[in-house]
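Residue numbers (the numbering used here): 172 to 445.
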DNA sequence: AGATGCACCTGTATGC
DNA sequence: TGCATACAGGTGCATC
């Protein structure tokens, strides 16, 4: 599922449902989805903690607790974190349930079981979740064409792989990488060491508008993704590149093409993306 | 060091 | 119908 716009939507939709509540019971149904600390310690330590705020870093969802502990979640491909009334039917791959003192449940479900949870203590250094390796947030003021060029222009990789590299820029995934390169009119296989300054400008300038318009539509759902309240995203019909192979390019009319870059399905216009 | 490919899982779609 | 294969929003690790 979830790239930056989807996690941001989960963060925003969970916020009013869980902030200020206390976790009065926690069940870990599948211990292996807890990456740190051990599942038993995780379950015990999170109990009786009050939820202070929700946050996001790259594609990581953060739930800050009053004690200074942070519940970190990564939903990977098919994960969901949602707050529901307890009578709501259980997703068949529900791996953790946190009962809140407002009568609702915060549930983590993930069909493919790639998703992970971490509980980080106040002041504990995080060398394991992957957050420490993340690059800049796209909405950071320091992000721009100069940053991207500096980080990528000496590497010999396709630009699509460059903007998918979470240690360069945090939050883009397979859908929005294709959308960004379509908007920038840059071919996804263009090598980062052959990009012009104009192309660096176009790519950098496309990123925030693409992410913001997806956020404004609550993200993109094509199969599994739901927000924190269990609603689908509405951005799918607005995609210009992803999944559009065989259809006319919305800019020039040429037939859109699908290929593979770095093992990932990639959609682009062979005429107007250079 | 940097680039590439595969492993981790389950579910769905497609073709024979 | 049954079976084999390919593919899916992500990341980490082994290997060259």
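The C-beta atom is built at its ideal place from N, Cα and C for all residues, glycine as well. For clarity, every value in this text was computed on a predicted model and none was experimentally measured.
Checklist entry - What are the uninterrupted segments assigned as alpha helix (DSSP H) that are 4 or more residues long and contained completely in the stretch 188-244, given in chain order? => result The DSSP assignment places complete alpha helix (DSSP H) segments of no fewer than 4 residues inside the stretch 188-244 at 210-217, in order along the chain.
Checklist entry - Taking all protein chains shown into account, do 16 or more other C-beta atoms lie within 10 angstroms of the C-beta of residue 389, making it buried, or fewer, making it exposed? => result The sequence position of residue 389 within the first chain is 218, counting from 1. So residue 389 ends up on the buried side.
Checklist entry - Nearest to residue 443 by CA position, among 434, 435, 419 and 432, is which residue? => result Your numbering for residue 443 matches position 272 in the first chain. Comparing Cα positions, the closest option is 419.
Next on the checklist: Could you check whether residue 180 and residue 433 sit closer than 8 angstroms to each other, using their CB atoms as the reference points?
Outcome noted: Counting from 1 along the first chain, the entry for residue 433 is found at position 262. Counting from 1 along the first chain, the entry for residue 180 is found at position 9. Cβ atoms of residue 433 and residue 180: not closer than 8 angstroms.
Next on the checklist: Determine whether the beta carbon atoms of residue 183 and residue 245 lie at a separation below 8 angstroms.
Outcome noted: Translated into the one-based positions of the first chain, residue 183 becomes position 12. Translated into the one-based positions of the first chain, residue 245 becomes position 74. No.
Checklist entry - To the nearest angstrom, how far is it from the Cα of residue 304 to the Cα of residue 230? => result The residue labelled residue 304 in the question sits at position 133 within the first chain. The residue labelled residue 230 in the question sits at position 59 within the first chain. Between residue 304 and residue 230, the C-alpha separation is close to 12 angstroms.
Next on the checklist: Using C-beta distances below 7 angstroms, list every residue in its chain close to residue 317, excluding the 5 sequence neighbours before and after it, in chain order.
Outcome noted: In the first chain, counting from the first residue as 1, residue 317 sits at position 146. Once the five neighbours on either side are set aside, residue 317 has no close Cβ partner at all.
Checklist entry - For residue 311, is the classification buried or exposed, using 16 other Cβ atoms within 10 angstroms of its Cβ as the cut-off for buried? => result Taking the first chain and counting its residues from 1, the one referred to as residue 311 is at position 140. Answer is exposed; the Cβ neighbour count stays below 16.
Item to check | Status (buried if at least 16 other CB within 10 Å, exposed otherwise) for residue 198 | outcome: Taking the first chain and counting its residues from 1, the one referred to as residue 198 is at position 27. By the neighbour-count criterion, in which a residue is buried when 16 or more other Cβ atoms sit within 10 angstroms of its Cβ, residue 198 is exposed.
Checklist entry - What are the partner residues of residue 320, as DSSP defines its beta bridges? => result As a position in the first chain, residue 320 is number 149, starting the count at 1. The beta-bridge partner set that DSSP reports for residue 320 is empty.
Item to check | Rounded C-alpha distance that separates residue 321 from residue 253 | outcome: As a working note, residue 321 is residue 150 in the first chain. As a working note, residue 253 is residue 82 in the first chain. Going by the C-alpha atoms only, they are around 39 angstroms apart.
Next on the checklist: At 3 residues or longer, what runs of the beta strand (DSSP E) sit wholly inside the stretch 259-330?
Outcome noted: Taking 3 residues as the minimum length, the beta strand (DSSP E) runs contained wholly in the stretch 259-330 are 265-271, 276-281 and 287-291, in order along the chain.
Checklist entry - Taking the C-alpha atoms as reference points, what is the distance between residue 306 and residue 416? => result To locate residue 306, count along the first chain from 1; it is residue 135. To locate residue 416, count along the first chain from 1; it is residue 245. Distance between the alpha carbons of residue 306 and residue 416 is about 31 angstroms.
Item to check | Inter-residue spacing [alpha-carbon to alpha-carbon] between residue 226 and residue 379 | outcome: In the first chain, the residue the question calls residue 226 occupies position 55. In the first chain, the residue the question calls residue 379 occupies position 208. In a straight line, the C-alpha of residue 226 is about 18 angstroms away from that of residue 379.
Checklist entry - What three-state label does DSSP hand residue 180 in the structure shown? => result Taking the first residue of the first chain as 1, we reach residue 180 at position 9. If DSSP states are grouped into helix, strand and coil, residue 180 belongs with the helices.
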